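**Q** First the structure, which I've put down as structure tokens, then a few questions once you've had a look.
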Amino acid sequence: MFTKILIANRGEIASRVIRTCHNLNIKTVAIYSEADFEAPFVKEADESFLIGGPKVNESYLNVDEIVKVAKDTGAEAVHPGYGLLSENTDFAKRLEAEGIVFIGPDSGAINKMGSKLTARQTMENAGVPIIPGTNEPVESVEVARKIANDIGYPIMVKASHGGGGIGMQIVQDGTELEKAFESNSRRAEQFFGNGTMFIEKVIEDAHHVEIQILADQYGNTVHLFERECSIQRRHQKIIEEAPSPLLSESTRQHMGDAAIKAAKAIHYKNAGTIEFLVDESQNFYFLEMNTRLQVEHPVTEQITGIDLVEEQLKIAYGEKLSFSQKDLTINGHAIEARIYAEDPKTFFPSPGQITAFNPPIGTNIRHDVGVNSDYKVTPYYDPMIAKLIAYGETRSEAINYLIDALIDYEVEGIKTNIPFLIDVAKSKAFNEGDTRTSFIQEFMIKQ
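Mapping of the sequence shown onto the UniProt record's numbering: residues 1 to 447, in sequence order.
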């Protein structure tokens with residue numbers, strides 16, 4: 001096994017990776033920005049190095065400096081976490097060239113799935129159902145209008161290289177199309193350096209359900225069942241759970257088989273997630289593949305007993321999977337709520353000084369945390385400060401544990417979305433499992 005790895009990330013995911021590494025007696029190297037010098041993960045790592053200024057392009061995206069620190073410290077591998085450089089083909093290639101192991105898939109797989117258009121084409125060729133739409137770049141508003149008329153409104157305009165909800169928008173009719181197409185293309189160019197757009201039909205009343213997969217270097221691929229991720233604001237997930245309250249056992253099996261087929265189509269290695277949209281009749285369609293660890297991975301860990309970070313490390317080191325599909329079962333139910341430093345009414349970020357931070361204690365809850373008391377939440381990064389995971393033998397039990405823990409969660413000095421999360425968890429629609437992607441929009445209208 002590796003003796004030392006560098007973690008090219010920050011916040012709660014850096015702390016999460018450090019925890020598993022320490023359990024495996026692997027030394028850890030953290031990098032941090034000027035804004036993160038007092039963050040918990042900096043102190044938790046065995047070694048920590050200032051990498052640059054507070055902005056991500058000055059620090060966490062500074063590939064040259066990250067590679068230098070890895071080489072100077074003798075780190076054999078780099079764990080990219082999620083976001084930042086985790087799906088950056090050039091970063092993976094650079095590490096490969098430097099003889100440093102990238103804890104994730106190879107650069108070729110990242111490249112194929114990094115473009116949503118290429119991903120659609122690859123999945124269609126592999127026999128995985130895809131959403132009706134275009135498999136080629138849409139070059140102009142005029143072409144977009146013709147395609148939209150052919151497949152019918154509502155449609156989704158999407159940036160091929162977008163992510164995190166950036167560069168995508170639902171369009172209800174032709175009057176919205178020109179502005180939506182051009183503004184999202186500009187935004188994608190600004191954030192991702194590529195403004196290529198395509199169009200998909202909107203699957204109405206859909207659920208967002210994803211399948212976790214693991215694949216080693218020897219052709220062994222398994223799925224670890226699904227996560228329901230439909231409760232989203234601005235196309236970003238807020239509450240995720242496993243298993244999905246929607247799926248029948250038959251649909252679960254077919255989606256798992258399709259996810260394995262998708263992974264094998266690109267000779268995928270390491271942890272990854274195949275995302276699907278599922279309609280009310282349980283027809284499912286490929287949405288995209290995330291070639292990294294997901295924010296919501298803890299709910300899968302809770303119902304399977306598998307440490308996904310540990311498996312990532314083992315696969316990257318060249319070990320075979322120690323279990324097969326028949327060894328995996330669903331045990332109980334888990335729900336994750338993302339704690340954001342944001343106004344619960346507007347969802348606008350709420351940076352500032354945390355004056356008190358006391359997560360609740362309980363046997364059926366887990367905390368993945370990136371802050372502590374006296375931590376200053378800055379405007380430079382995503383406002384998520386922690387994740388609360390509740391689990392029980394049944395979904396109802398997990399919901400009750402979640403509500404109790406959220407009520408007891410103490411964060412002072414900044415606004416958080418905890419009041420909103422409590423309202424959602426108590427709502428009739430959530431308790432009935434009616435968690436479509438339109439959930440928050442409809443929920444806010446009723447408030």
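For every residue, glycine included, the Cβ atom is placed at its ideal position computed from N, Cα and C.
None of these values were measured; they are calculated from a predicted model.
Around the C-beta of residue 237, are 16 or more other C-beta atoms found within 10 angstroms, so that it is buried, or is it exposed?
**A** Under this definition residue 237 is a buried residue.
**Q** Can you name, in chain order, every residue of its own chain whose Cβ lies under 6 Å from the Cβ of residue 420, other than the five neighbours on each side?
**A** Excluding residues within five positions, the ones whose Cβ falls inside 6 Å are 344.
**Q** How big is the Cα-Cα spacing for residue 38 and residue 373?
**A** The straight-line gap from Cα to Cα measures roughly 11 Å.
**Q** What separation, rounded to the nearest whole angstrom, lies between the Cα atoms of residue 230 and residue 72?
**A** Whole-angstrom Cα-Cα distance: 43 Å.
**Q** Would residue 341 and residue 298 qualify as a contact pair, given that the criterion is a beta-carbon distance under 7 Å?
**A** It is not a contact, given that the beta carbons lie outside the stated cut-off.
**Q** Return the CA-CA distance between residue 380 and residue 411, expressed in angstroms with no decimal places.
**A** If you take the alpha carbons of residue 380 and residue 411, they lie about 20 Å apart.
**Q** Just to check my reading of the structure: residue 309 and residue 20 have Cβ atoms closer than 8 Å, yes? What is that Cβ distance to the nearest angstrom?
**A** Their Cβ separation, rounded to whole angstroms, is 4 Å, which keeps residue 309 and residue 20 in contact under 8 Å.
**Q** Of all the options 304, 249, 212, 93, which has the alpha carbon lying nearest to the alpha carbon of residue 294?
**A** Ranking 304, 249, 212, 93 by Cα distance to residue 294 puts 212 first.
**Q** Would you kindly work out how many angstroms separate the C-alpha atoms of residue 280 and residue 360, rounded to a whole number?
**A** Approximately 36 Å between the Cα atoms of the pair.
**Q** Could you tell me if residue 441 is buried or exposed, where buried requires 16 or more neighbouring beta carbons within 10 angstroms of its beta carbon?
**A** Flag for residue 441 reads exposed.
**Q** Grouping DSSP H, G and I as helix and E and B as strand, with all else coil, what is residue 74?
**A** Three-state result, residue 74: coil.
**Q** So which of 199, 325, 90, 105 has the shortest CA-CA distance to residue 220?
**A** Here the closest residue by C-alpha is 325.
**Q** Between residue 181 and residue 260, what straight-line distance do the alpha-carbon atoms span, to the nearest angstrom?
**A** Answer to the nearest angstrom: the Cα atoms are 33 Å apart.
**Q** Rounded to a whole number of angstroms, what is the C-alpha to C-alpha distance between residue 171 and residue 367?
**A** Answer to the nearest angstrom: the Cα atoms are 38 Å apart.
**Q** Could you check whether the stretch 250-265 touches the stretch 75-95, counting it as contact only if at least three pairs of C-beta atoms, one from each stretch, sit closer than 8 Å?
**A** No, because fewer than three Cβ pairs between the stretch 250-265 and the stretch 75-95 fall closer than 8 Å, the two stretches do not touch.
**Q** For residue 103, which residues in the same chain have their Cβ closer than 8 Å to its Cβ, ignoring the five residues on either side in sequence?
**A** So the list reads 5, 77, 78, 79, 80, 270, 312, 313, 316, once near-sequence residues are dropped.
**Q** Going by beta-carbon coordinates alone, are residue 244 and residue 209 separated by less than 7 Å?
**A** Yes, the pair counts as a contact, with Cβ atoms nearer than the cut-off.
**Q** In chain order, what residues of the same chain have a beta carbon less than 7 Å from the beta carbon of residue 307, not counting five sequence neighbours either side?
**A** So the list reads 20, 301, once near-sequence residues are dropped.
**Q** Could you tell me which of 417, 439, 350, 337 sits nearest to residue 398, measuring between CA atoms?
**A** Nearest option by C-alpha distance: 337.
**Q** If the criterion is Cβ atoms closer than 7 Å, does the pair residue 371 and residue 352 meet it?
**A** The answer is no: Cβ separation not under 7 Å.
**Q** Does the beta-carbon distance from residue 45 to residue 35 come in below 7 Å?
**A** No, these two residues do not count as a Cβ contact at 7 Å.
**Q** List the whole-angstrom C-beta distance separating residue 228 from residue 333, where the pair is believed to meet the contact cut-off of C-beta under 8 Å.
**A** That belief does not hold up - the Cβ atoms of residue 228 and residue 333 are roughly 10 Å apart, past 8 Å.
**Q** Name the residue from 268, 321, 202 whose alpha carbon lies nearest to the alpha carbon of residue 437.
**A** If we check each option's Cα against that of residue 437, 202 comes out closest.
**Q** Less than 7 Å between the beta carbons of residue 207 and residue 246, yes or no?
**A** Yes, these two residues count as a Cβ contact at 7 Å.
**Q** Do residue 105 and residue 329 come within 7 Å of each other at the CB atom, strictly closer than that value?
**A** The answer is no: Cβ separation not under 7 Å.
**Q** Name the residue from 282, 305, 225 whose alpha carbon lies nearest to the alpha carbon of residue 273.
**A** Nearest option by C-alpha distance: 225.
**Q** Could you compute how far the alpha carbon of residue 466 sits from the alpha carbon of residue 101?
**A** As displayed, the chain neither begins before 1 nor continues past 447, which places residue 466 out of reach and without an answer.
**Q** Which of the three DSSP states is assigned to residue 308 in this structure?
**A** In this structure, residue 308 counts as helix in the three-state DSSP scheme.
**Q** In whole angstroms, give me the CA-to-CA distance for residue 111 and residue 11.
**A** Going by the C-alpha atoms only, they are around 26 Å apart.
**Q** Is the Cβ-Cβ distance between residue 418 and residue 406 less than 7 Å?
**A** It is a contact, given that the beta carbons lie within the stated cut-off.
**Q** Between 158, 114, 428, 42, which lies nearest to residue 131 when the distance is taken from Cα to Cα?
**A** It is 158.
**Q** In chain order, which continuous runs of the alpha helix (DSSP H) of length 4 or greater are located wholly inside the stretch 72-121?
**A** Listed in chain order, they are 89-98, 107-114.
**Q** Which residues in the same chain as residue 93 place their Cβ atom closer than 6 Å to its Cβ, once the five residues preceding and following it in sequence are excluded?
**A** Excluding residues within five positions, the ones whose Cβ falls inside 6 Å are 107.
**Q** With H, G and I counted as helix, E and B as strand and the rest as coil, what does DSSP make of residue 42?
**A** Three-state DSSP puts residue 42 in a helix.
**Q** According to DSSP, which residues form a beta bridge with residue 28?
**A** Answer is 5, bridged to residue 28.
**Q** When the Cα of residue 263 is compared with those of 304, 117, 214, 276, which residue comes out closest?
**A** Of 304, 117, 214, 276, the residue nearest in Cα terms is 214.
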